[in-house]
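FYI, in the UniProt record's numbering the residues of the sequence shown are 1 to 216. Ideal Cβ placement from N, Cα and C applies to all residues, glycine included. Given the structure is predicted, the values throughout are model-derived calculations rather than measurements. For reference, the structure discussed in these notes is given below.
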Amino acid sequence: MVLPCLNEAAALPALLARLPRGYRAIVADNGSTDGSPEVARAGGARVVEVAQRGYGAAVHAGLLAADPADGVVCVMDADGSFDPAQLPRLADPVRAGDADLACGRRRPATAGAWPLHARLGNAVLARRIRRETGVDVHDIAPIRAARRDALLGLGLRDRRFGYPLELLLSAARDGWRIVELDVAYHPRAAGTRSKVTGTVRGTLGAVADMRAVLAR
Numbered sequence: 001m002v003l004p005c006l007n008e009a010a011a012l013p014a015l016l017a018r019l020p021r022g023y024r025a026i027v028a029d030n031g032s033t034d035g036s037p038e039v040a041r042a043g044g045a046r047v048v049e050v051a052q053r054g055y056g057a058a059v060h061a062g063l064l065a066a067d068p069a070d071g072v073v074c075v076m077d078a079d080g081s082f083d084p085a086q087l088p089r090l091a092d093p094v095r096a097g098d099a100d101l102a103c104g105r106r107r108p109a110t111a112g113a114w115p116l117h118a119r120l121g122n123a124v125l126a127r128r129i130r131r132e133t134g135v136d137v138h139d140i141a142p143i144r145a146a147r148r149d150a151l152l153g154l155g156l157r158d159r160r161f162g163y164p165l166e167l168l169l170s171a172a173r174d175g176w177r178i179v180e181l182d183v184a185y186h187p188r189a190a191g192t193r194s195k196v197t198g199t200v201r202g203t204l205g206a207v208a209d210m211r212a213v214l215a216r
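Okay, structure coming up:
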């Protein structure tokens with residue numbers, strides 16, 4: 001399992017403690033200043049230091065570090081908004097050969113788990129993906145599972161917030177079998193902050209990254 005991480009020390013202990021049996025965590029640290037790498041190591045995770053800033057850069061580094069023998073790799077946010085116990089629901093269809101990419105569709109566990117403006121932005125992007133590719137997805141999949149070598153074989157170029165969008169578009173265009181499964185979405189752990197919706201700069205940056213992907 002790859003966990004792209006930037007200042008998630010408050011979320012990591014509980015998250016790593018709930019890893020399902022047989023799952024190993026790779027924390028792709030993107031320059032944390034809150035001690036996240038040390039917390040991750042203490043929780044049994046392998047830590048990969050990623051110098052290049054950006055969500056896509058962290059995910060890509062984590063995929064490169066994953067053991068090819070493991071085959072299927074899961075990716076999820078490290079902020080505590082997802083329960084790792086849900087990972088087998090996504091990984092199992094890929095392992096069984098029933099899907100090439102399994103994506104989680106966020107279902108808020110509480111009213112405040114997913115801010116309205118973020119939910120609306122996601123809905124707009126998902127609608128465009130459906131229109132352009134015909135794939136019936138409703139989320140840009142911040143939690144997902146696929147085979148490591150297949151993911152790397154897509155040759156994704158985005159190293160910032162446009163990475164999940166590029167992944168869905170590229171996988172659809174390559175004819176991947178994509179399934180979407182409901183996953184519970186919780187409020188992020190206290191002491192962490194969203195890199196996208198937490199600041200105006202983050203929101204504008206994410207919008208710019210995704211527009212660049214759609215313009216290709």
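* Compare the C-alpha of Gly191 against each of Met1, Leu154, Val2 and Leu12 and name the closest. => Leu12
* Just the C-alpha distance for Val137 and Pro164, rounded to the nearest angstrom, thanks. => Per the coordinates, the alpha-carbon of Val137 lies some 13 Å from the alpha-carbon of Pro164.
* **Asp79 versus Pro187: straight-line alpha-carbon distance, rounded** => 9 Å
* Among Val48, Val213 and Ala96, which residue has its Cα nearest to the Cα of Ala146? -> Ala96
* **Rounded Cβ spacing between Gly56 and Arg128 (contact assumed at less than 8 Å)** => The Cβ separation is near 19 Å, so there is no contact.
* Pick from Arg106, Pro84, Leu101 and Gly112: whose alpha carbon is nearest that of Asp174? -> Leu101
* Asked: Given that a residue counts as buried once 16 or more other Cβ atoms are within 10 Å of its Cβ, and exposed if not, what is Pro115?
  -> exposed
* Where does Gln52 land, buried or exposed, given buried means 16+ other C-beta within 10 angstroms? -> exposed
* Ignore the nearest five residues each way along the sequence and tell me which others in Ala141's own chain have a CB closer than 7 Å to its CB. => Cys103, Gly104, Pro164 and Leu168
* **Span of the beta strand (DSSP E) around Asp29** => First-last of the beta strand (DSSP E) with Asp29: Ile26 to Asp29.
* To do: Taking 7 Å as the cut-off, decide whether the C-beta atoms of Leu64 and Cys74 are in contact.
  => Against a cut-off of 7 Å, the Cβ pair of Cys74 and Leu64 comes out as no contact.
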